[in-house]
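Just so you know, full-length UniProt numbering puts 852 at position 852 of the sequence shown, and the rest follows in order with no gaps. For every residue, glycine included, the Cβ atom is placed at its ideal position computed from N, Cα and C. On a predicted model such as this, the values are computed, not experimentally measured, just so you know. Take a look at the structure set out below.
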Amino acid sequence: MELSLAGAQLETQMFATAKAYVEFAQTYPEHFRIMFRSDLIGFDMDNPPDAVLQTFAELTNVILRQRGDAPIAVQDVIAEKPPALVNDIVLERIPVVLDTDIGLDVDDVWALAFLLNCPELDIKLITTATGDTGYRAKIVAKLLQIAGREDIPIGVGIPLDDSPKTHAAWLGDFSLSDYAGDVLRDGVGAMCETIMGTPEIVSLICIGPLPNVAAALAREPDLATSARFIGMHGSLRRGYMGADKPMREYNVKQHALACQAVFKAKWEKIITPLDTCGTVILQGDRFARIRDSDKPLTKAVMDNHAGWFEAVKEWPVLKELDIQAQSSVLYDCVAVYLAFSRAYLHMETLPIVITNDGKTLIDEAGEETQCATDWVDKDAFLDLLTEQVVGDKPVNLGRWLWDYDARELSAAEQSADSPYARASQRGFTGTLYKTDAFLASQPFGTVPCAFSPGGAIGIFESNSILRAVVRQSEQPHGLYGVDGYSASRVDSFLDASLVFSREAQVYLLAMSAMQPETHARMTSAYDFYLQGVENALQHTSHLAEDNLSIADIAFVCDLAQFLREAHYSDALEQAGFALISAQALQKYPAALAHMLTLSEAPAFRKHMGTYLDWSKQVTDNSEQIKYWNGQAGDTWARGQERLDNMLQPLSDIAVSAAAAKAGERVIDVGCGCGATSLALAATGAQVWGVDISAPMLARARERAKGVDNLVFSEADAAVAELTPDHQLMFSRFGVMFFADPLAAFKNLHSGLSADGRMVFMCWQAAQVNPWITIAGRAIQPFLTPAEPVDPKAPGPFAFADKDYLQGLLVDAGFAQIEIEPVSASLHVGDDLEAAMHSQGEVGPVARALSELSGDTKEAALQAVRDAFAPLITESGLDLEGATWLKEMNMDTNQQVLIAEIPQGKLQPSHYQLAQAPIPKAGEGQVLVRTTAFAITAGTRAGLQGSASYAGAPTTGVVMNATGVGEVVDSRASDIAVGTMVSAPTGWQQYSVHDAHAVEVIPAAHDPIAYLGPLGINGLTAYFGLLEVGQPKPGETVLVSAAAGSVGHLVGQIAKIKQTTVVGVCGSEEKGAVLVDQLGFDASVNYKEQNFRDALKAATPAGVDVYFDNTGGLILGSALFRMNTFGRIACCGVVSQYDTDRPEPGPRGIPGLLVNKRINMRGFLVFDFADQYATARGVLHGWLADGSLKSLTDEVSGLAAAPDAFVDLLSGGNIGTRIVRLT
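This is the structure in structure tokens:
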């Protein structure tokens, strides 16, 4: 028996443990069976032997000493029977980041108190979202200070919307400078760094609108692989306060675009919509406990609650609230609970779509999201919430049911009438509850095996006893190996087995509430374990040597236990997880074959047949692996020359169609004895031949000796891990045997590069293939009638239906699919006897004949001979073979085209999504796969006509934009595949460019920076200000559209040049960003009625340099603030772009320019192209030292670009708006 703490194996007492088990085994021999590991030992769990309790106590002491706690007395444990030690072990905590809009409603405060008192959760960071995020950060800081948790950093998020400061009275004069912990001004950056810097998957709990999270996803593309999203968002079937129809929920509708980006991200998504969180209210005794508590944090919650109510009591929905008797609705607390448990909620996995107007819809086109749609036990949740907010009751694991979800028992379940309270279902008496389902899940007996939700607390079996008993047995039996070397191999395997078994048991216990990190950890452990088995079997017929050892016994036991996973396939699929066992076993054919061979041994089947039969259900390709590693594989290898000769005409056609090129990376799927692999390698391609048949691969390797550009592997291409860098996937009759063809083709698709292609040949229907039908009809009368076979089942003719095949390939992601019929004459044999030999050895006829015997078989063979005889010619027997030849490419080029020239304001309907073939790079060109592109207001000018430097607009063309991307094909000697470049990609996935027209991005630079400070925006800001505006230290610089992609950089460069900087923007929130985050001296909102007065007040010394991005009325106002000899850099007229009738220019320009001798100069950034490299060097230096910051506002996917452009033109962005392509 072992204990695990925080995932660490404790093997230090292993041999002592084994000795204790040996003593137990000697005392209770009827319970011990040598062929199994100790997992099969059974005993009365209500009365465990002293030896077991002693071992439990000794290993518990290992943990206690590691923690610095006093050890327990072993004899006390034995005397008490049982110990209640499990309650005293610390849980492995789940890392979390909280993103909150605390400061408007009050439920965020309650949720934070709940979170601070959850022992399961480890708070890494708290960020504040929307509104005045500095004000919100103060509330967080004050609560953390009261809770004594100033170790938690606070990130100040993106300030966007204004909202009432309903907690201001409670906050008083508290300042962020009063907080002893870290306050990070770039909350989005802090979120990215925290999540990416945490080894475990981080639970990102979001209880407000989502601009911070959307920005973080845009800034850090891998964020979704390192976190899971848990949110209080949406309304599916019920609305606020249990209304019987869905409503637009606040957190979604406030920033629908951000919410769309978050829900489209490829991470685990868990939400509590209004359906469940909208009815959470504490009242009665529960509320009284919190109200009357003297705990500092609980008192702070109640004081905050009272202050908040005083500020909002006139809100209509709160007029009836009695704050002395109940809370308001505590929506956000449910999201915190979902970070560590779902036991009290009914979860559904639903496809969710967020609309532009903030609705949350269940729609087939949506992203799968785990939704808490109803309560299973709301009272239990309210009890838990009360306990945690009060924070004075420790977690009592003695009340937990140790089943697959290891959950706390309700009061009813603990009653005498409950089936869970039966004595026979408990572990050590009074300590652990067990269910029948749990005990049935353990094929190795009834030794306790239980884990907490995080897998941190656990008691489980050890195979140490197996080693000890074998070593100390008085009857030598060789199971520990024949010599020291093989014994060391046994030891090595059993050590690995312990680790794997632990992970498997944690995984099986988590089945009803599977988490992505648990599933991922198990996948990794299973792969590692089977890879070791696979490697061992390359050298010996068994794991340690060529004879059976306890390593082989443990191997079968391990798999038998883990293959119970198949019992829960439906639950896993519903939760969005795949079976691990089936896919991994198929990737390791030697391990699978060994397991199948061992499973046929009578000694194993007697006790483990049920478990081993499950393996055949989940290892879908096991029959094919067994078949091709048996007589069939041997026969093909022996008859390789004759069979290759028969199939040569079709092989030549397929290889020619593949058109492999020198240097291309090629996979030959189902390569068999290597004929097509050798032909492909002859072109100079780098070829990898893959097959599941060891005998055929052995023959292939013999034939390929001396061919350096050809390697072979025993692997199942349907599930093998492939890297996406192969230009050609090829197969001649190797793809019809996939157990799951769609999954297999998807896997093959994943191994192709962006411009890759697949070419394969498979048989048409048997009826149009005389090489099989002539013999098949001849033997039909001699065969026993069989049940009809699914024509699409794995086999030679599985893809006879062309339409079925086409659908499979489309669903797998292939495009430009061409399927054509190809026939050729196949040489079956040089004469009648050779033809008979060929048909009787391999293929469907040979399989059918193998079922016959005696006179019946002889009669069937004679019938075939009679059918072939009239067809023999001087050259022998030649019969027609009819196939399908398939050619397809990876993908199409997704594009956004201009559908209509706008007459008036731009609308999303002016664009259309389209598909086109991926273009080909010509000589001196590169093919670029776009990673992201920038949307800029200036491109709207290109839709206005020839007045724009872009020329007259045209419909049906790709919308233009500057993007960054990866070179996926290069015909230019100085740019390698894989290079990141900046180029005029437009709104599309793929584009071709002359090599001299792209900007190679140095590896040390962030490519996204080339859409902002190191790209056209940054260069425009740099040259427009420094070359045209020419500011001097001490002067005043005014910037319009100052929160835009160019303006926010201009202001910062002006500050670097020691000037006073004033920004003009369209909201107070944007102004706060300019001043608080970017260092502007002042900001002015041009939408204010007294804008001119505000501008005058902000520029008391006048304006020396005006960087004009807007034109129109702002330009007119700025002119009257210009000082003598002032400079105006005219960069753009964004205020005039989105209209069909520009405003008249400011009056009096000539007089003002003359009287004040103002230099007003328009410019294009291209005027300074010869200085780009120098400017980039300077800008990169400023970025590196932190004096220049880049703000990005990102959306995801081409389809989002039109809406994002329209929103940008209405002032919806801060910084550079970027579209990420995934």
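{"Item": "Cβ pair residue 323, residue 309 closer than 8 Å", "Value": "yes"}
{"Item": "CA-to-CA distance, residue 665 to residue 873, given in whole angstroms", "Value": "43 Å"}
{"Item": "Continuous alpha helix (DSSP H) stretch holding residue 1180: start and end", "Value": "1172 to 1185"}
{"Item": "Residue range of the beta strand (DSSP E) that includes residue 712", "Value": "710 to 714"}
{"Item": "6 Å CB neighbourhood of residue 737 in its chain, flanking five on each side removed", "Value": "624, 794"}
{"Item": "Separation of residue 500 from residue 461, as counted between CA atoms", "Value": "Note that residue 461 scores a pLDDT of 37, beneath 50, so its modelled location is shaky; the value from the coordinates is reported in the next line. Approximately 12 Å between the Cα atoms of the pair."}
{"Item": "Which listed residue (727, 128, 133) has its alpha carbon closest to that of residue 968", "Value": "727"}
{"Item": "Candidates 541, 553, 525, of which the one nearest residue 494 by Cα", "Value": "553"}
{"Item": "Where residue 1097 falls, given that 16 or more other Cβ within 10 Å makes a residue buried", "Value": "exposed"}
{"Item": "Own chain residues within Cβ distance below 8 Å of residue 333, not counting five before or after", "Value": "107, 110, 111, 114, 277, 280, 385"}
{"Item": "Residue 1084 to residue 178 span [Cα, whole Å]", "Value": "30 Å"}
{"Item": "DSSP state of residue 210 mapped onto helix, strand, coil", "Value": "coil"}
{"Item": "Close-in-space but distant-in-sequence residues of the same chain around residue 395 (CB under 7 Å, 5 per side omitted)", "Value": "Bear in mind that a pLDDT of 39 at residue 395, under 50, signals an unreliable position, so the number given afterwards is only what the model happens to contain. Taken in chain order, the residues that qualify are 119."}
{"Item": "Residue 1164 classed as buried or exposed, judged by whether at least 16 other C-beta atoms fall within 10 angstroms", "Value": "exposed"}
{"Item": "Nearest residue (CA-CA) to residue 843, options 376, 769, 266", "Value": "769"}
{"Item": "Residue 830 beta carbon near the ligand SAM (any heavy atom closer than 7 Å)", "Value": "As far as ligands go, the structure on display features none, and thus does not contain the ligand SAM."}
{"Item": "Rounded separation between residue 1073 and residue 159 - CA only", "Value": "7 Å"}
{"Item": "Separation of residue 742 from residue 579, as counted between CA atoms", "Value": "16 Å"}
{"Item": "Extent of the continuous alpha helix (DSSP H) to which residue 1231 belongs", "Value": "With the chain represented from 1 up to 1222, any question about residue 1231 goes unanswered, as that position is not in the structure."}
{"Item": "Residue 256 beta carbon less than 8 Å from that of residue 172", "Value": "no"}
{"Item": "Cut-off 6 Å between Cβ atoms - residues of its own chain near residue 1066, not counting five sequence neighbours on either side", "Value": "1087, 1211"}
{"Item": "Beta-bridge pairing of residue 127 - partner residues as DSSP gives them", "Value": "99, 155"}
{"Item": "Which of helix, strand or coil DSSP assigns to residue 939", "Value": "helix"}
{"Item": "Opening and closing residue of the alpha helix (DSSP H) in which residue 779 lies", "Value": "770 to 779"}
{"Item": "Beta strand (DSSP E) runs wholly inside the region 288 to 361, at least 3 long, in chain order", "Value": "345 to 354"}
{"Item": "Beta-bridge pairing of residue 886 - partner residues as DSSP gives them", "Value": "760, 819"}
{"Item": "Cβ neighbour criterion (16 or more within 10 Å) applied to residue 1007", "Value": "buried"}
{"Item": "Per DSSP, the bridge partner or partners of residue 1127", "Value": "1105, 1159"}
{"Item": "At least three beta-carbon pairs within less than 8 Å, the region 867 to 883 to the region 747 to 755", "Value": "no"}
{"Item": "Endpoints, the alpha helix (DSSP H) within which residue 656 is located", "Value": "640 to 658"}
{"Item": "For residue 804, the three-state DSSP class (helix, strand or coil)", "Value": "helix"}
{"Item": "Sub-8 Å separation of residue 1037 and residue 921 beta-carbons", "Value": "no"}
{"Item": "Closest Cα partner of residue 264 within the set 762, 217, 746", "Value": "217"}
{"Item": "Residue 1161 vs residue 1131 beta-carbon contact at 8 Å", "Value": "no"}
{"Item": "Spatial distance of residue 924 from residue 516 (CA atoms)", "Value": "46 Å"}
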